[in-house]
Amino acid sequence: MKSTPNFIRHLLDFFVQSDLDSELRPTHISLYMSLFRWWNEFRFQNPFRINPKLIMQSSKISSRVCFRKSLSQLEEWGYIKYFQPENPGEATMISIIGFPCFEGMLNNVRDEIEDMTQKSARNLPDFCEKSTHINKIQTEIKVEIEKNTPTAFAVSAYFTSMSYPESEAKKFFSHYEANGWLQNGKVPITNWKAAADKWMLNVKFPKKRNDDSSTSQDYGTPL
Numbered sequence: 001m002k003s004t005p006n007f008i009r010h011l012l013d014f015f016v017q018s019d020l021d022s023e024l025r026p027t028h029i030s031l032y033m034s035l036f037r038w039w040n041e042f043r044f045q046n047p048f049r050i051n052p053k054l055i056m057q058s059s060k061i062s063s064r065v066c067f068r069k070s071l072s073q074l075e076e077w078g079y080i081k082y083f084q085p086e087n088p089g090e091a092t093m094i095s096i097i098g099f100p101c102f103e104g105m106l107n108n109v110r111d112e113i114e115d116m117t118q119k120s121a122r123n124l125p126d127f128c129e130k131s132t133h134i135n136k137i138q139t140e141i142k143v144e145i146e147k148n149t150p151t152a153f154a155v156s157a158y159f160t161s162m163s164y165p166e167s168e169a170k171k172f173f174s175h176y177e178a179n180g181w182l183q184n185g186k187v188p189i190t191n192w193k194a195a196a197d198k199w200m201l202n203v204k205f206p207k208k209r210n211d212d213s214s215t216s217q218d219y220g221t222p223l
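Residues in the sequence shown are numbered consecutively from 1, following my numbering.
Listed below in structure tokens is the structure:
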């Protein structure tokens with residue numbers, strides 16, 4: 001019974017082989033990866049039918065001449081078997097050839113990568129640190145927020161001047177203070193009074209009761 005290729009094993013073997021093969025170019029690697037993806041769709045059966053137009057599209061090869069040349073070279077170098085159609089309308093067939101076991105070589109590659117990583121960590125800057133550009137942008141945003149952040153007293157005075165209760169001023173201040181004075185949690189508020197005006201427009205007060213009685217209701221009396 002024919003065994004099914006191991007997806008990861010085959011790709012790892014190809015990567016090792018491509019490191020050793022000085023003839024391979026980006027076009028060959030891109031084409032091979034597209035063919036491998038197509039092969040996977042056909043459950044790794046050999047040979048399998050391909051659609052040249054779709055393969056060219058996925059491998060980013062725009063020239064048919066380059067496409068045919070790359071296919072022929074991959075076949076010549078032992079990566080695939082290319083069955084060129086003899087008659088118009090016939091399907092193009094491809095077989096992908098397996099690699100020898102590179103386990104020992106892979107272990108050496110892993111050791112070299114680990115060694116290089118440890119050496120580089122001592123000499124390279126911390127890539128987790130933010131770049132100067134990002135730091136500059138965040139500093140500008142922070143300055144903009146601080147410049148347009150009102151005090152609780154200023155908010156209270158503005159609400160009072162607009163004949164709105166202090167309780168609404170406290171709600172407004174607490175809401176935006178908790179959100180870092182950002183609109184929708186993203187954009188710094190550049191005009192807090194405009195935001196306050198919008199807040200006040202959305203405030204709903206209870207309707208007043210029409211009371212013809214000459215005596216006023218004592219709201220301190222329990223019902």
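Positions of the beta carbon are idealized from the N, C-alpha and C atoms, including for glycine.
At the level of alpha carbons, what is the spacing between residue i and residue j?
{"i": "Ala194", "j": "Ile61", "result": "54 Å"}
{"i": "Ser63", "j": "Glu86", "result": "21 Å"}
{"i": "Glu90", "j": "Tyr79", "result": "23 Å"}
{"i": "Thr190", "j": "Ser167", "result": "23 Å"}
{"i": "Asn202", "j": "Met33", "result": "58 Å"}
{"i": "Ser95", "j": "Arg49", "result": "9 Å"}
{"i": "Phe14", "j": "Thr92", "result": "23 Å"}
{"i": "Met200", "j": "Met162", "result": "9 Å"}
{"i": "Asn179", "j": "Lys204", "result": "23 Å"}
{"i": "Trp192", "j": "Asn148", "result": "7 Å"}
{"i": "Ile97", "j": "Lys53", "result": "22 Å"}
{"i": "Phe36", "j": "Leu24", "result": "16 Å"}
{"i": "Ser59", "j": "Asn184", "result": "41 Å"}
Terminal residues of the continuous beta strand (DSSP E) containing residue i?
{"i": "Arg49", "result": "48 to 50"}
With which residues is residue i paired in a DSSP beta bridge?
{"i": "Tyr82", "result": "Ile94"}
{"i": "Pro188", "result": "Leu182"}
How far does the alpha helix (DSSP H) with residue i in it extend, from its first residue to its last?
{"i": "Arg43", "result": "From DSSP, Arg43 is part of no alpha helix (DSSP H); its letter is neither H nor E."}
{"i": "Asp19", "result": "7 to 20"}
{"i": "Tyr160", "result": "For the sequence presented, residue 160 should be read as Thr rather than Tyr. Where Thr160 is concerned, the enclosing alpha helix (DSSP H) stretches over 152 to 161."}
{"i": "Leu74", "result": "64 to 76"}
{"i": "Leu24", "result": "It is not in any alpha helix (DSSP H) - Leu24 carries neither H nor E in the DSSP assignment."}
{"i": "Trp181", "result": "Counting along the chain, Trp181 falls outside any alpha helix (DSSP H), and DSSP gives it neither H nor E."}
{"i": "Lys193", "result": "192 to 201"}
Ignore the nearest five residues each way along the sequence and tell me which others in residue i's own chain have a CB closer than 6 Å to its CB.
{"i": "Phe127", "result": "At Phe127 the pLDDT is 42, less than 50, meaning the model places this residue with poor confidence and gives no usable figure here."}
{"i": "Ile55", "result": "Ser34"}
{"i": "Pro5", "result": "Phe44"}
With respect to 7 Å, is the separation between the Cβ of residue i and the closest non-hydrogen atom of the ligand MG below this value?
{"i": "Met162", "result": "Questions concerning the ligand MG fall outside what the structure shown contains, since it holds no ligand whatsoever."}
For residue i, which residues of its own chain have a beta-carbon under 8 Å away from its beta-carbon, when the five flanking residues on both sides are left out?
{"i": "Leu124", "result": "Per-residue confidence for Leu124 stands at a pLDDT of 46, beneath the threshold of 50, marking its modelled position as unreliable; the derived number appears in the next sentence. Once the five neighbours on either side are set aside, Leu124 has no close Cβ partner at all."}
{"i": "Val65", "result": "none"}
{"i": "Phe83", "result": "Pro47, Thr92, Met93, Ile94, Ser95"}
Starting from the C-beta of residue i, find all residues in its chain whose C-beta is less than 7 Å away, skip the five residues before and the five after it, and write them out in chain order.
{"i": "Ser18", "result": "Leu24, Ile29"}
{"i": "Glu75", "result": "Lys81, Tyr82"}
Exercise for the section: Kindly confirm or deny that the stretch 40 to 49 and the stretch 64 to 78 touch, where touching means at least three C-beta pairs closer than 8 Å. Expected result: no
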